[in-house]
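Residue numbers (my numbering): 971 to 1059.
Before any comments, here is the structure.
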Amino acid sequence: REACHRIEELYYETDGKCYVSFSGGKDSTVLLALIKLCEEVYTIPPGGIPAVFSNTGIELGVTVNFVKWVKENYYSNVVIVRPVTFWFA
971 REACHRIEEL YYETDGKCYV SFSGGKDSTV LLALIKLCEE VYTIPPGGIP AVFSNTGIEL
1031 GVTVNFVKWV KENYYSNVVI VRPVTFWFA
């Protein structure tokens, strides 16, 4: 209950301008489940907090597949980004 209250508080303090960094690991998956719980009891709007996954290209295939599964089947507001890399000679 306290975790959901803090999520709601953060959402409204930032006027909805927040996101969760989603690695596809257990901790960020639990946080995403808590966000979804807040949505289900209508304390924040559905999909109101984007879950951002940074695909650097070195993640395990199983992790990338799990993140895609989450996006397709559980939380549609998962944003997958590819960071820009700079090479210096």
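Ideal Cβ positions, reconstructed from N, Cα and C, are used throughout, including at glycine.
Model, not experiment: these values are computed from the prediction.
In three-state terms, what does DSSP make of I1005? Looking at I1005 - three-state DSSP - the assignment turns out to be helix.
F1023 by DSSP, collapsed to three states: which one? Looking at F1023 - three-state DSSP - the assignment turns out to be strand.
Per the DSSP calculation, S991 is bridged to which residue(s)? Beta-bridge pairing links S991 to V1022.
Does chain C have any CB closer than 8 angstroms to the CB of E1010? Of the chains in the structure shown, none is chain C; there is only one protein chain.
Do L980 and C988 have their beta-carbon atoms positioned less than 8 angstroms apart in this structure? By the CB criterion at 8 angstroms, C988 and L980 fall inside the cutoff.
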